[in-house]
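**Student:** Here the protein sequences line up with chains A and B, keeping their order.
Every position in the first sequence, counted from 1, becomes a number in my numbering once 3 is added.
Every position in the second sequence, counted from 1, becomes a number in my numbering once 3 is added.
Every residue gets a Cβ at the ideal spot worked out from N, C-alpha and C, and that includes glycine.
There are 2 protein chains.
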Amino acid sequence: MTRLSENGFDVTADLLEDMARGAAFLGAGGGGDPYLGAMTALHAIQTYGAPHCVPASAIGDDDPVYTAAMMGAPTVMVEKLTGIEEVEAAIAALERVMGKPAKAILPAEIGGLNALVPVAVAAKRGLPLIDADGMGRAFPELQMVTFAVDGVSTSPLAVCNEHGEYHVINARNNKASEDAARRLVIEMGAAVGVSCYPMDGATAKRSAVHGTLSLAYGIGKAISDGRRRGDPFDSLIAYLKSTDYYNKCGIIFSGKVVDLDRRTERGFTLGACKVLSNEGDGSELEVIYQNEYLRARVGDRTLAIVPDLTCILDAETAEPITTEGLRYGQRVKVMGVSCAPVMRSKAALDLFGPRAFGLDEPFRPVEDLIVAA
Amino acid sequence: MTRLSENGFDVTADLLEDMARGAAFLGAGGGGDPYLGAMTALHAIQTYGAPHCVPASAIGDDDPVYTAAMMGAPTVMVEKLTGIEEVEAAIAALERVMGKPAKAILPAEIGGLNALVPVAVAAKRGLPLIDADGMGRAFPELQMVTFAVDGVSTSPLAVCNEHGEYHVINARNNKASEDAARRLVIEMGAAVGVSCYPMDGATAKRSAVHGTLSLAYGIGKAISDGRRRGDPFDSLIAYLKSTDYYNKCGIIFSGKVVDLDRRTERGFTLGACKVLSNEGDGSELEVIYQNEYLRARVGDRTLAIVPDLTCILDAETAEPITTEGLRYGQRVKVMGVSCAPVMRSKAALDLFGPRAFGLDEPFRPVEDLIVAA
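(1) Identify every residue that forms a DSSP beta bridge with residue 287 of chain B.
(2) Pick out the complete beta strand (DSSP E) segments inside the stretch 150–225 of chain B, 3 residues or longer, and give them in chain order.
(3) Taking 6 angstroms as the line, does the beta carbon of residue 152 of chain A fall inside it for any heavy atom of the ligand MG?
(4) Pick helix, strand or coil for residue 238 of chain A, following the three-state DSSP scheme.
(5) With a 10 Å radius around its C-beta and 16 neighbouring C-beta atoms as the bar for buried, classify residue 350 of chain A as buried or exposed.
(6) Which residue from B:60, B:61, B:41, B:63 puts its Cα closest to that of residue 53 of chain B?
(7) Give me whichever residues DSSP pairs with residue 295 of chain B in a beta bridge.
(8) Could you tell me whether the Cβ of residue 186 of chain B comes closer than 7 angstroms to any Cβ of chain A?
(9) Mind listing which residues of the stretch 165–183 of chain B have their C-beta closer than 8 angstroms to chain A's C-betas, in chain order?
(10) If contact is defined by three or more beta carbon pairs under 8 angstroms, each pair taking one atom from either stretch, is the stretch 281–296 of chain B in contact with the stretch 8–21 of chain B?
(11) Since residue 190 of chain A meets chain B, which of its residues come closer than 8 angstroms, beta carbon to beta carbon?
(12) Helix, strand or coil for residue 323 of chain A? Go by DSSP, reduced to three states.
(13) According to the neighbour-count rule (16 or more other Cβ atoms, all chains shown, within 10 Å of its Cβ), is residue 241 of chain A buried or exposed?
(14) Out of curiosity, what's the CA-to-CA distance linking residue 29 of chain B and residue 141 of chain B?
(15) From which residue to which residue does the beta strand (DSSP E) around residue 258 of chain A run?
(16) In whole angstroms, give me the CA-to-CA distance for residue 64 of chain B and residue 111 of chain B.
(17) When DSSP labels each residue in this structure, what does residue 376 of chain B get in the three-state scheme?
(18) Do residue 191 of chain A and residue 173 of chain A have their C-beta atoms closer together than 7 angstroms?
(19) Applying the 10 Å Cβ sphere with the 16-neighbour rule, what's the burial state of residue 204 of chain A?
(20) May I have the straight-line CA-CA distance separating residue 56 of chain A from residue 131 of chain A, to the nearest angstrom?
(21) Express the C-alpha separation of residue 157 of chain B and residue 177 of chain B in angstroms, rounding to a whole number.
(22) Can you tell me which of the three DSSP states residue 40 of chain B falls into?
(23) Which residues bound the beta strand (DSSP E) around residue 109 of chain A?
(24) Buried or exposed: which applies to residue 348 of chain A, given that a residue is buried once 16 or more other Cβ atoms fall within 10 Å of its Cβ?
(25) Answer with buried or exposed for residue 333 of chain B, where buried requires no fewer than 16 other C-beta atoms within 10 angstroms of its C-beta.
(26) Are there three or more Cβ pairs, one per stretch, closer than 8 angstroms when the stretch 111–123 of chain B is compared with the stretch 15–28 of chain B?
(27) Between the stretch 256–264 of chain A and the stretch 224–231 of chain A, do three or more beta carbon pairs fall short of 8 angstroms?
(28) What is the DSSP secondary structure of residue 124 of chain B, reduced to helix, strand or coil?
(29) The beta strand (DSSP E) with residue 72 of chain B in it runs from where to where?
(30) To the nearest angstrom, report how far apart residue 149 of chain A and residue 103 of chain B are at their CA atoms.
(31) Okay, do the stretch 194–213 of chain B and the stretch 65–74 of chain B touch, 3+ Cβ pairs below 8 angstroms being the bar?
(32) Per DSSP, residue 338 of chain B forms a beta bridge with which residues?
(33) Can you say whether residue 326 of chain A is buried or exposed, counting buried as having 16 or more other CB atoms within 10 angstroms of its CB?
(34) Along the chain, where does the beta strand (DSSP E) containing residue 307 of chain B start, and where does it finish?
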């Protein structure tokens with residue numbers, strides 16, 4: 004099994020397709036379509052050269068680190084061309100406010116589009132890219148990151164859109180930052196560049212989920228390799244079981260998408276889909292989402308719930324399907340996958356556990372739910 | 004008739020009561036309760052000394068000039084203590100962005116609370132206060148100023164609230180600045196400090212409505228003086244007729260408030276009131292408002308319409324009544340008053356004429372409407 008060097012590697016163009024596929028998987032349905040991000044990263048790499056991806060430990064403790072991401076509704080992001088100019092402008096606005104130029108770029112979210120956007124920004128800026136992110140998956144709101152669990156402030160935060168509009172937020176807490184930024188993002192066209200949680204290298208080392216860019220690549224490559232051998236799910240599951248974070252996993256349901264409710268509201272993609280079982284027993288799996296898949300349930304039996312990952316994949320190719328890519332009639336397999344252990348602490352669950360999404364049930368680890376099933 | 008020196012005067016504590024009353028009149032129902040502003044200004048003058056108010060011509064062409072105002076729904080502003088700290092913090096945020104410390108403070112709006120807020124800020128900062136503003140009255144939205152008519156950009160714009168939250172907006176045009184700021188203001192508690200339209204002295208000279216702080220004082224004093232003599236309306240009208248801007252004026256209706264619809268929506272105080280005539284003929288005047296009184300009408304006959312001022316005053320004392328001060332059963336006189344000529348240009352009417360408020364009729368000068376009546 005190919006592994007990237009843990010001491011750093013260049014994000015060359017040949018890695019992008021697998022990295023994007025793995026990021027789509029880790030997006031758990033959200034984070035935007037990573038293939039748009041891959042195209043943007045490819046263009047940046049061809050123009051500026053491959054950025055060097057390093058573990059956080061390679062960054063100086065005092066080095067200013069800036070996150071790079073797109074923010075908005077994935078349904079809108081797929082209708083707009085993703086430019087890294089907006090993300091760069093957001094970082095530049097934040098650098099002016101902080102009075103410190105960036106020494107490294109840190110992904111905020113490894114799931115989906117936002118895994119690849121920092122690759123493009125790091126290439127263009129000629130800065131090291133940290134092999135880590137703030138969640139090891141995707142989440143719909145800015146405060147839902149391990150940085151916040153660790154006490155890092157979302158503010159100051161900068162958002163910028165394709166019209167050159169940019170706004171700098173200094174809110175009283177992380178949820179207020181999210182609320183203020185979300186109001187602006189809707190006003191700005193529901194897809195913008197954002198940089199937030201400005202921090203130093205020491206903080207990045209302490210508060211990030213590490214190695215996730217490498218893991219995204221590994222996941223994507225396991226699917227590609229398996230596809231060539233005709234067993235993408237076996238290959239994917241074998242790779243996941245070899246990782247530190249995603250090793251509790253399994254296929255929890257196989258069937259056909261028979262019901263699809265999807266709407267863009269409050270700047271999010273909201274809704275639910277139903278999958279009718281292949282078993283012929285008439286059982287249905289309901290998956291609800293807010294940008295990301297939040298919970299998979301048969302009747303009142305939960306099979307996977309945030310922050311663990313619920314992933315929907317094409318039943319033949321194991322291609323990850325995002326919330327905006329769901330279609331009536333698709334044949335799918337639904338997987339439950341454990342999140343990074345740091346994401347399951349009490350403080351972490353307060354920020355992005357079931358109740359943070361309005362779900363009235365406690366978090367239970369996917370390994371318990373699948374065994375119980 | 005007492006007049007302040009046109010070459011500059013100190014805004015001493017003894018001027019505040021009349022200045023606030025005149026500002027309430029020019030607020031045309033909006034701009035917030037000026038007596039809150041007067042209390043704030045009084046405290047600042049007692050602590051820091053009286054600020055010197057000068058004509059714009061006394062300011063250097065290159066001197067950085069910053070506006071100072073509160074923004075939000077007047078209905079909320081009367082429920083919160085007005086602190087100048089929020090306005091100061093907004094100016095400070097804008098000074099950092101512009102990289103230029105303020106050399107003078109300019110009122111954005113002379114009507115209501117926002118006439119007195121700059122007095123307090125100028126006192127505390129020890130800066131000259133320019134005897135001018137951007138409308139010679141009050142208006143509900145940021146882009147509705149002569150600065151905008153003259154091509155000055157609302158952005159960068161800073162808003163700050165009592166929790167120390169501050170956000171800096173850079174929007175693509177003035178209406179987009181208003182929309183973005185309004186979203187944030189609602190999020191921030193519907194009453195915040197704002198500084199916008201950063202400009203130089205030359206621009207202030209060219210684009211402001213001049214002499215309006217002096218005029219506010221003069222109007223307030225005419226009411227007070229007249230009240231002591233028992234003829235506040237005669238005194239007020241005589242003074243208005245002696246001014247350059249407000250000289251076309253008259254009482255257009257006298258009666259009793261019999262219907263009152265007032266709601267806080269989209270960050271504004273919206274609604275309409277009806278006044279039943281004293282004449283015993285059953286005729287009713289309808290006055291509609293968005294923070295400010297926009298139009299006075301009997302049946303389908305308009306008697307005053309924006310940007311001309313519709314003012315509602317207590318029938319005995321000529322005390323101006325704001326939209327949030329309207330009460331069922333009040334005996335009132337309603338006045339129509341001409342606005343500054345610069346406010347009636349085609350470009351100005353596009354920004355704050357009837358159609359800018361969704362009213363489907365052209366602007367007609369109050370002098371034509373009153374004569375016609």
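**Tutor:** Straight from the coordinates:
(1) The residue you call residue 287 of chain B lines up with position 284 of the second sequence. Its beta-bridge partners are B:279.
(2) 160–163, 169–173, 194–198
(3) As far as ligands go, the structure on display features none, and thus does not contain the ligand MG.
(4) Residue 238 of chain A sits at position 235 when you count from the first residue of the first sequence. Reduced to three states, the DSSP call for residue 238 of chain A is helix.
(5) Position 347 of the first sequence, counted from the start, is the residue given in the question as residue 350 of chain A. Burial call: exposed.
(6) Counting from 1 along the second sequence, the entry for residue 53 of chain B is found at position 50. In terms of CA proximity to residue 53 of chain B, B:41 leads the group B:60, B:61, B:41, B:63.
(7) Start at 1 with the first residue of the second sequence, and residue 295 of chain B comes out as number 292. DSSP output for residue 295 of chain B lists B:293 as bridge partner(s).
(8) Within the second sequence, numbered from 1, the residue matching residue 186 of chain B stands at position 183. At least one chain A Cβ lies under 7 angstroms of residue 186 of chain B.
(9) 166, 167, 168, 169, 170, 171, 172, 173, 174, 175, 179, 182, 183
(10) no
(11) As a working mapping, residue 190 of chain A is identified with position 187 in the first sequence. Here the neighbours are 179, 182, 183, 186.
(12) As a first step, residue 323 of chain A must be located in the first sequence, where it is residue number 320. Of the three classes helix, strand and coil, the one that applies to residue 323 of chain A here is strand, per DSSP.
(13) Taking the first sequence and counting its residues from 1, the one referred to as residue 241 of chain A is at position 238. When all chains shown are included, residue 241 of chain A counts as exposed.
(14) Position 26 of the second sequence, counted from the start, is the residue given in the question as residue 29 of chain B. Position 138 of the second sequence, counted from the start, is the residue given in the question as residue 141 of chain B. So the alpha carbons of these two residues sit roughly 7 angstroms apart.
(15) Here residue 258 of chain A is taken as the residue at index 255 of the first sequence, counted from 1. Its beta strand (DSSP E) spans residues 252–268.
(16) By 1-based counting over the second sequence, the position of residue 64 of chain B is 61. By 1-based counting over the second sequence, the position of residue 111 of chain B is 108. Cα to Cα, the separation comes out at about 19 angstroms.
(17) As a working mapping, residue 376 of chain B is identified with position 373 in the second sequence. Note that residue 376 of chain B scores 48 on pLDDT, short of 50, meaning its location in the model is unreliable; the coordinates nonetheless yield the value given after this. Residue 376 of chain B sits in coil when the DSSP states are folded into three classes, being neither helix nor strand.
(18) Residue mapping note: residue 191 of chain A aligns to position 188 of the first sequence, counting from 1. Residue mapping note: residue 173 of chain A aligns to position 170 of the first sequence, counting from 1. Cβ distance not < 7 angstroms, so residue 191 of chain A and residue 173 of chain A don't count as in contact.
(19) Position 201 of the first sequence, counted from the first residue, corresponds to residue 204 of chain A. Counting the other CB atoms within 10 Å of its CB gives residue 204 of chain A a total of 16 or more, which places it among the buried residues.
(20) For the purposes of this step, residue 56 of chain A is taken as the residue at position 53 of the first sequence. For the purposes of this step, residue 131 of chain A is taken as the residue at position 128 of the first sequence. So the alpha carbons of these two residues sit roughly 6 angstroms apart.
(21) Taking the first residue of the second sequence as position 1, residue 177 of chain B is located at position 174. Taking the first residue of the second sequence as position 1, residue 157 of chain B is located at position 154. Spanning the two alpha carbons is a distance of roughly 5 angstroms.
(22) One-based indexing of the second sequence puts residue 40 of chain B at position 37. It is helical.
(23) Position 106 of the first sequence, counted from the start, is the residue given in the question as residue 109 of chain A. Run containing residue 109 of chain A: 107–110, per the beta strand (DSSP E) assignment.
(24) What you label residue 348 of chain A is simply residue 345 of the first sequence in a count that begins at 1. The residue in question, residue 348 of chain A, is exposed, as its Cβ has fewer than 16 Cβ neighbours within 10 Å.
(25) Start at 1 with the first residue of the second sequence, and residue 333 of chain B comes out as number 330. Residue 333 of chain B should be labelled buried.
(26) yes
(27) no
(28) Mapped onto the second sequence, residue 124 of chain B falls at position 121. In this structure, residue 124 of chain B counts as helix in the three-state DSSP scheme.
(29) Here the question's residue 72 of chain B lines up with position 69 in the second sequence. 67–75 is the extent of the beta strand (DSSP E) around residue 72 of chain B.
(30) The residue you call residue 149 of chain A lines up with position 146 of the first sequence. The residue you call residue 103 of chain B lines up with position 100 of the second sequence. Approximately 38 angstroms between the Cα atoms of the pair.
(31) yes
(32) As a first step, residue 338 of chain B must be located in the second sequence, where it is residue number 335. The partner list for residue 338 of chain B (beta bridge, DSSP) reads B:254, B:314.
(33) Residue mapping note: residue 326 of chain A aligns to position 323 of the first sequence, counting from 1. So residue 326 of chain A ends up on the buried side.
(34) Locating residue 307 of chain B in the second sequence gives position 304, counting from the first residue. Here the beta strand (DSSP E) through residue 307 of chain B covers 304–308.
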